[in-house]
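Let me begin by presenting the structure, written as structure tokens, before commenting on it.
There are 4 protein chains.
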Amino acid sequence: MIIVVKPNATTEEIDHIIKKIKDHGLQAHVSKGTERTIIGAIGDEAILQSVPLEAIPGVEKVLPILKPFKLASWEFRREPTIIDVGGQQIGGKKIVVMAGPCAVENKTLLIEIAKEVKSAGATFIRGGAFKPRTSPYAFQGLEEEGLKYLAEARDRVGLPIVTEVMDPRDIAMIAKYADVLQIGARNMQNFRLLKEVGLCKKPVLLKRGISATIKEWLMSAEYIMAGGNHDVILCERGIRTYETATRNTLDLSAVPVLKQMTHLPVIVDPSHAVGKWDLVAPMAKAAVAAGADGLIIEVHSNPEEALCDGEQSLKPRSFKLLMDELRLIAKAIGREI
Amino acid sequence: MIIVVKPNATTEEIDHIIKKIKDHGLQAHVSKGTERTIIGAIGDEAILQSVPLEAIPGVEKVLPILKPFKLASWEFRREPTIIDVGGQQIGGKKIVVMAGPCAVENKTLLIEIAKEVKSAGATFIRGGAFKPRTSPYAFQGLEEEGLKYLAEARDRVGLPIVTEVMDPRDIAMIAKYADVLQIGARNMQNFRLLKEVGLCKKPVLLKRGISATIKEWLMSAEYIMAGGNHDVILCERGIRTYETATRNTLDLSAVPVLKQMTHLPVIVDPSHAVGKWDLVAPMAKAAVAAGADGLIIEVHSNPEEALCDGEQSLKPRSFKLLMDELRLIAKAIGREI
Amino acid sequence: MIIVVKPNATTEEIDHIIKKIKDHGLQAHVSKGTERTIIGAIGDEAILQSVPLEAIPGVEKVLPILKPFKLASWEFRREPTIIDVGGQQIGGKKIVVMAGPCAVENKTLLIEIAKEVKSAGATFIRGGAFKPRTSPYAFQGLEEEGLKYLAEARDRVGLPIVTEVMDPRDIAMIAKYADVLQIGARNMQNFRLLKEVGLCKKPVLLKRGISATIKEWLMSAEYIMAGGNHDVILCERGIRTYETATRNTLDLSAVPVLKQMTHLPVIVDPSHAVGKWDLVAPMAKAAVAAGADGLIIEVHSNPEEALCDGEQSLKPRSFKLLMDELRLIAKAIGREI
Amino acid sequence: MIIVVKPNATTEEIDHIIKKIKDHGLQAHVSKGTERTIIGAIGDEAILQSVPLEAIPGVEKVLPILKPFKLASWEFRREPTIIDVGGQQIGGKKIVVMAGPCAVENKTLLIEIAKEVKSAGATFIRGGAFKPRTSPYAFQGLEEEGLKYLAEARDRVGLPIVTEVMDPRDIAMIAKYADVLQIGARNMQNFRLLKEVGLCKKPVLLKRGISATIKEWLMSAEYIMAGGNHDVILCERGIRTYETATRNTLDLSAVPVLKQMTHLPVIVDPSHAVGKWDLVAPMAKAAVAAGADGLIIEVHSNPEEALCDGEQSLKPRSFKLLMDELRLIAKAIGREI
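Protein chains in written order, with my numbering: chain A, 1 to 337; chain B, 338 to 674; chain C, 675 to 1011; chain D, 1012 to 1348.
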């Protein structure tokens, strides 16, 4: 950690800063430049990360050198993490595709959609039984009933299922049915929830918060991993910007940035990012070209009757056409779908 | 609700849109302009708000007319909400000031700070016993022990206390000690938590999410109110922008905007917004001048040893000077502190 | 245009609004709903776009129905615009690649780079002779000398050149040398400059402003087109967001959004968007997969000595490898490079 | 400047980085930590600011120590800059208020408004003769005719005038009439324009770009000052964020941040920030409380007929009431209006 000292700092202030560093067991390395004195703190930077150095008189600014996460970093693990879920590998050469309705609405419809996406080549079924909705007056999900339908869909079509968990009290119950637990964007910093899925044995799909930096997102992954659960899948789903032409702005550069920073697999949700079904296909193709390990896409047989996010759902036919295109792109970059 | 039809929509598509509106019990009012046909849906717009109209073929865009919240609006309640907490009124002529440390660290320190802020004129004590921290390795709060210290501070100095709740499972326990329950920015859309504090009898201080629109924020207030708890205090605490000179960007225009949209009281947290103690005073003054009903400010006797947010904490002496200045501003706008 | 009337508006206010609409030659269509009265203005909406309707007492909000641009819209032109520049077609099946150094530094280096990018398959040479720099103390470009080198590079390698114009006074001179005039992000709303390149016969590459909405960007294209120059190429180059891991956030969803809104060709600049050379390749591939008509990429033989943007420049060898990958992606989506 | 070396950098790479620093005449100070090697470059950091150090193999990141501007900093000038314009001091104890219509529309109206704002206590007249408009089809200003009316208004009411310059070619002509030259938000990085007003003898009011950081804004001030014109007034006018309830988000914390970074005076434009007349007053009051040296406010006798920005213009009566309130706030913070 580098501490830049104010130009008018007194000798007493500088000595006090040095003492502070030494009190925490690090060494202080002072370097007087032509315009500023800087102090390097040498040793375990993590110790200093929770010390409010900028509150010390004479300190102008503090520049951290190391990243604040460990378990998620390449320093901790030098091989890419590959997560095996019911025979499907997430993070390997094959790109996974998770598809299904935003919300589980009823059994017949769910199983119909599950069959369609399976036959188009999807490798996971997605569907929400607990739905975080901006309005208290909107459909909130079928809860455990919905989970049962998901489990039945899995049994019928033979694909693992991904579903969202919103409350620590539901984890045990949801984990009985689900293959992958999803943490939604709004809960990316619901630290209690993160801690408790960290104690769970199921892989966790962690969506990026709507205005989370990549670093904060990795810190949330770190929360889960610190509990012992290292099977975390990161999911880029668009960030909030000033642009209103799309629901959110899909930050595809997060994919190669994450590949440099972490060994964890990275997937992309184009549906929530763009918010309109006719923009999903180009963004899904771009995500694969950018190096994503997978996609999660909303598919509904009858979007105009959907209880949630109908505007952004593909019909099974459009999804099938997209899968055909994605296969060609995957091949072009040396992967497969 | 206004539905704008695509220029090339067929008669069948238009008829289908009209049928859809009527199926939900509203009337459809068609108006053919020179370049577009638009359809007005007349009746209870709330019914249509959860229908994915943009998924219907032929629909170009949908323009809502009404605000999506009710209980929080002036239509629902024509008088400003004034919340009485232990004799202190929030939302009245007098501006409330909540002050104290970011986190409760130990009893002696807390009581010392409580006495200082009381003597300077604060009307509430703030302090966190459960702390949401970006890093799993940072101090997470004293939990129930901290609540006990807060309760003792209340008894000793005679000011009501405000403290954060992060998990629905803790509400009952925290409500035993606290006078006001705080929902932090990261939990503004933790809908389970909102629903359950909505069933509680304690006033709720609802911080704005770090990238929440004012509308989304009011929808979160609506969640709480829909449960029966109408004592919601909105707290602006800075939003995330591209500017890095401050921790967040304090959106003070939210204060008069909210005053036009809702009867709920609005307070401002300058400490989290700016992130640096020496910027807190000008922003606190500006907040009062903009019409805020209160402030929540971090104060710590020894910021450089603080376990949380030391950089942005005022020392008791600076807080006292600020209170003196605030009194003059409050008087200048016809209020008092 | 739809005018939503305030719930408490008086009859006089409503009559006044109607009169205002009629005074501008449009018809007013009043519709009384259960909670709001709305007034539709039927006729040429463009006339009302510059009337401050929201300043009229009783008006709650104004909802425009039509897009504010005309010449750039599909309504004006039903075929995609294809621009022919020295035999290269921009906007056709073939994806164009513009490559070269950020700034023209000297003749030898420029010609060396031009040869390299040509042999790798680039179809245009890019290079700045006039450089907009954040600091007045940074290298500002070789000016006309640089243009001469560009012209010589064109003659030597046989590729058309793209270069930036920053000042209306330079247009005539730059147009003598350049094949395509570039308007940089910082000048996207330099309306004087837009008007004057609109009077010019050379195609214009219009970069998106760093925080321009897609609509504002198209309005800037409209400025150029309104002058008579319809050969405008839109270039997405990243927008400003809160994320600091990349220089800007590449908004690739702008590509399909623009394809729905305009007939103009759309290219992508991954170099300025990400700001780091090792993130350029994945974003270039993603841009092609998303449907871009071209790319503009910074290439430098010796980035660490570059006078501008060395961090984000590819070496010729990396550029060549990227071109090989891009060819496969282009083929996978039915196009070619 | 601090250079952080990649964990796996070779000795050759480190030596090469050191050589690079020395080649530019600075000293390299190597410090090997437990996890990273860092290299401090000691000497004139400005030299290295234009070297693409991040393009050098082995460099992980570069952390600048010093601010990139000089003339605008407190290091260059230790007293606040006070600019005298026709007897009005900008940056002194007295808060200046610039008021008038968005655009000059005709002589009679301008003089009427000028008289009204003068009698309410304004100290400058504002009015645009050259208008930057998003749409090429909107009113673009009266140009020189408008300047003549402004000059006449000055003569009639005895207040200096502020007006915008958009094109370097107009500077000489506008400077004949205007007392202060305004650079609009869209031209904050029109570097040619900045350079040329830097050669001019008139004070320059420099608006913040709609998504400019405070640092970039000060770099633009530096452009003007580097030309010899040190009379720069900074004007905060709202930044672009995701929030749509206001036209822009007024960043009032920029006021105290700038006061720490620069000796230049800082004023605030609440009208463009909020975009709605009924939000202007609270934000004007907040700006004064936050420490602004002045305000620039749009006033129009008949906003609903205004050719530009009618929605955000105060009527003279509201402006007068606001001035009365502002006087009380100014007094409360020890200043005057």
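Don't be surprised by glycine CBs; every beta carbon is placed ideally from N, CA and C.
Report task. Verify the CB distance criterion: does C/I1032 have a CB-CB separation below 8 Å to chain B? Result -> Nothing in the structure corresponds to residue 1032 of chain C, since chain C is present only between 675 and 1011.
**Report entry** Beta-carbon proximity list for A/A330, same chain, < 7 Å, skipping 5 on both sides
**Finding:** Taking the first sequence and counting its residues from 1, one reaches residue 330 of chain A at position 330. Here the set comprises I95, V288, E336, I337.
Query raised in the report: Are any of the Cβ atoms in chain D nearer than 8 Å to that of B/E580?
Result: Taking the first residue of the second sequence as position 1, residue 580 of chain B is located at position 243. Taking 8 Å as the CB threshold, B/E580 lines the interface with chain D.
Requested in this report: Output, in chain order, the set of chain B residues within a Cβ distance shorter than 8 Å of D/S1222.
Outcome: Here residue 1222 of chain D refers to the residue found at position 211 when the fourth sequence is read from its first residue. Near D/S1222 (Cβ distances below 8 Å), the residues of chain B are Y579.
Query raised in the report: Given a threshold of 16 other Cβ atoms within 10 Å of its Cβ, counted over all protein chains shown, does A/E304 qualify as buried or as exposed?
Result: Looking up residue 304 of chain A in the first sequence gives position 304. It counts as buried.
Query - Interfacial residues, the stretch 17-39 of chain A to chain D, with Cβ spacing under 8 Å - result: Close to chain D, meaning a Cβ-Cβ distance shorter than 8 Å, are the following residues of the stretch 17-39 of chain A: H29, S31, G33, T34, E35, R36, I38.
Query raised in the report: Leaving out the 5 sequence neighbours to the left and right, which residues in its chain are closer than 8 Å to B/V388 when beta-carbon positions are compared?
Result: Mapped onto the second sequence, residue 388 of chain B falls at position 51. Apart from the 5 residues on each side of it in sequence, B/V388 sits with its Cβ closer than 8 Å to the Cβ of K357, H361 in its chain, given in chain order.
Query raised in the report: Rounded to a whole number of angstroms, what is the C-alpha to C-alpha distance between D/E1207 and D/K1213?
Result: Along the fourth sequence, read from residue 1 onward, the residue named residue 1207 of chain D stands at position 196. Along the fourth sequence, read from residue 1 onward, the residue named residue 1213 of chain D stands at position 202. Their backbone Cα atoms lie some 11 Å apart in a straight line.
**Report entry** Where B/M620 meets chain D, residues with beta-carbon distance less than 8 Å
**Finding:** Indexing the second sequence from 1 puts residue 620 of chain B at position 283. For the C-beta of B/M620, the chain D residues within less than 8 Å are, from N- to C-terminus, L1263, S1264, P1267, A1301.
Query raised in the report: Between B/D381 and chain C, is there a C-beta pair that is closer than 8 Å?
Result: Along the second sequence, read from residue 1 onward, the residue named residue 381 of chain B stands at position 44. Closer than 8 Å to some Cβ of chain C, the Cβ of B/D381 qualifies, so yes.
Query raised in the report: Would you report the Cα separation of A/I17 and A/K32, rounded to the nearest angstrom?
Result: By one-based count along the first sequence, residue 17 of chain A stands at place 17. By one-based count along the first sequence, residue 32 of chain A stands at place 32. Taking C-alpha positions only, A/I17 is separated from A/K32 by approximately 14 Å.
Query raised in the report: So is B/P344 buried or exposed if we call it buried at 16+ other beta carbons inside 10 Å?
Result: Translated into positions along the second sequence, residue 344 of chain B becomes position 7. B/P344 counts as exposed, since fewer than 16 other C-beta atoms from the protein chains shown sit within 10 angstroms of its C-beta.
Requested in this report: Pair every Cβ in the stretch 275-283 of chain A with every Cβ in the stretch 73-88 of chain A, then say whether three or more of these pairs are closer than 8 Å.
Outcome: No: the two stretches stay apart, fewer than three of their Cβ pairs being nearer than 8 Å.
Requested in this report: Check the Cβ of C/V948 against every Cβ in chain A and list those closer than 7 Å, keeping chain order.
Outcome: Residue mapping note: residue 948 of chain C aligns to position 274 of the third sequence, counting from 1. Per Cβ cutoff of 7 Å: S253.
Query raised in the report: Considering only the beta carbon of each residue, do A/I2 and A/I38 sit closer than 8 Å?
Result: One-based indexing of the first sequence puts residue 2 of chain A at position 2. One-based indexing of the first sequence puts residue 38 of chain A at position 38. Cβ distance < 8 Å, so A/I2 and A/I38 count as in contact.
Query - Within chain A, partners of D/V1062 - CB distance below 8 Å - result: Along the fourth sequence, one-based indexing puts residue 1062 of chain D at 51. Within chain A, not a single residue places a beta-carbon under 8 Å from that of D/V1062; the smallest gap is close to 17 Å.
Query raised in the report: How would you label C/P930, buried or exposed, when you count the other beta carbons within 10 angstroms and need 16 or more for buried?
Result: For this step, residue 930 of chain C is matched to residue 256 along the third sequence. With 16 or more other Cβ atoms inside 10 Å of its own Cβ, C/P930 counts as buried.
Report task. Could you run through the stretch 339-355 of chain B and flag, in chain order, every residue whose CB is less than 8 Å away from some CB of chain C? Result -> Of all residues in the stretch 339-355 of chain B, only I339, V341, P344 come within less than 8 Å of chain C when Cβ atoms are compared, listed by chain position.
Query raised in the report: Among D/G1102, D/I1244, D/P1143, which one has its Cα closest to the Cα of C/L867?
Result: Against the third sequence, residue 867 of chain C aligns to sequence position 193. The shortest Cα separation from C/L867 among D/G1102, D/I1244, D/P1143 belongs to D/P1143.
Report task. Between the Cα of D/M1184 and those of D/E1154, D/V1016, D/A1164, spot the shortest distance and give me the residue it belongs to. Result -> For the purposes of this step, residue 1184 of chain D is taken as residue 173 along the fourth sequence, with counting starting at 1. The closest CA to that of D/M1184, considering only D/E1154, D/V1016, D/A1164, is found on D/E1154.
Query - Three or more C-beta pairs below 8 Å linking the stretch 159-175 of chain A and the stretch 124-141 of chain A - result: Yes, since at least three Cβ pairs between the stretch 159-175 of chain A and the stretch 124-141 of chain A fall closer than 8 Å, the two stretches touch.
Requested in this report: Give, in chain order, every residue of the stretch 1065-1083 of chain D whose Cβ lies closer than 7 Å to some Cβ of chain A.
Outcome: Answer in chain order: L1074, I1076, L1077.
Query - Alpha carbon of A/T34 to alpha carbon of D/I1225, nearest angstrom - result: Sequence index remark: in the first sequence, residue 34 of chain A carries index 34 (1-based). Sequence index remark: in the fourth sequence, residue 1225 of chain D carries index 214 (1-based). Approximately 25 Å between the Cα atoms of the pair.
Query - Extent of the continuous alpha helix (DSSP H) run through A/I214 - result: As a first step, residue 214 of chain A must be located in the first sequence, where it is residue number 214. Here the alpha helix (DSSP H) through A/I214 covers 214-226.
**Report entry** Contact the stretch 824-838 of chain C vs the stretch 1251-1271 of chain D: 3+ CB pairs below 8 Å
**Finding:** Flag = no, the stretch 824-838 of chain C and the stretch 1251-1271 of chain D do not touch.
Report task. With distances taken Cα to Cα, identify the nearest neighbour of A/K320 among A/D170, A/G334, A/V299. Result -> For the purposes of this step, residue 320 of chain A is taken as the residue at position 320 of the first sequence. The option with the nearest alpha carbon to A/K320 is A/V299.
Query - Within chain C, partners of A/A332 - CB distance below 8 Å - result: Taking the first sequence and counting its residues from 1, the one referred to as residue 332 of chain A is at position 332. Within chain C, the residues placing a beta-carbon under 8 Å from that of A/A332 are E999, L1002, I1003, K1005, A1006, ordered along the chain.
**Report entry** Residue interval of the beta strand (DSSP E) (run including C/A715)
**Finding:** On the third sequence, residue 715 of chain C is found 41 positions in, with the first residue counted as 1. Here the beta strand (DSSP E) through C/A715 covers 711-716.
Query - Identity of the residue in B/G565, B/G564, B/L589, B/A563 nearest B/R574 by Cα - result: Within the second sequence, numbered from 1, the residue matching residue 574 of chain B stands at position 237. If we check each option's Cα against that of B/R574, B/L589 comes out closest.
**Report entry** Amino acids of chain C, ordered along the chain, whose beta-carbon sits closer than 9 Å to that of A/I239
**Finding:** By one-based count along the first sequence, residue 239 of chain A stands at place 239. Those are T915, Y916, E917, T923, listed as they occur along chain C.
Query raised in the report: Can you give the beta carbon distance from A/V104 to A/E60, rounded, assuming they're within the 8 Å contact cut?
Result: Sequence index remark: in the first sequence, residue 104 of chain A carries index 104 (1-based). Sequence index remark: in the first sequence, residue 60 of chain A carries index 60 (1-based). Between A/E60 and A/V104 the Cβ distance is about 55 Å, and since that is not below 8 Å, they are no contact.
**Report entry** Partners in chain A for B/F413, counting only beta-carbon separations shorter than 9 Å
**Finding:** Within the second sequence, numbered from 1, the residue matching residue 413 of chain B stands at position 76. Near B/F413 there are no residues of chain A at all, since even the closest Cβ is about 14 Å away, more than 9 Å.
**Report entry** Neighbour list for C/D841 in chain D, Cβ cutoff strictly below 7 Å
**Finding:** Taking the third sequence and counting its residues from 1, the one referred to as residue 841 of chain C is at position 167. Near C/D841 (Cβ distances below 7 Å), the residues of chain D are P1179, R1203.
**Report entry** Test item: CB-CB of C/F743 and C/E985 under 8 Å
**Finding:** In the third sequence, the residue the question calls residue 743 of chain C occupies position 69. In the third sequence, the residue the question calls residue 985 of chain C occupies position 311. No, they are not a contact pair.
Requested in this report: With a cut-off of 8 Å on the beta carbons, I'd call C/I884 and C/C909 a contact; round off their distance for me.
Outcome: Numbered from 1 along the third sequence, position 210 holds the residue referred to as residue 884 of chain C. Numbered from 1 along the third sequence, position 235 holds the residue referred to as residue 909 of chain C. C/I884 to C/C909, Cβ: 13 Å. No contact.
Query raised in the report: Looking at B/L447 and B/A490, is the spacing between their C-beta atoms short of 8 Å?
Result: Mapped onto the second sequence, residue 490 of chain B falls at position 153. Mapped onto the second sequence, residue 447 of chain B falls at position 110. Yes. Within cutoff.
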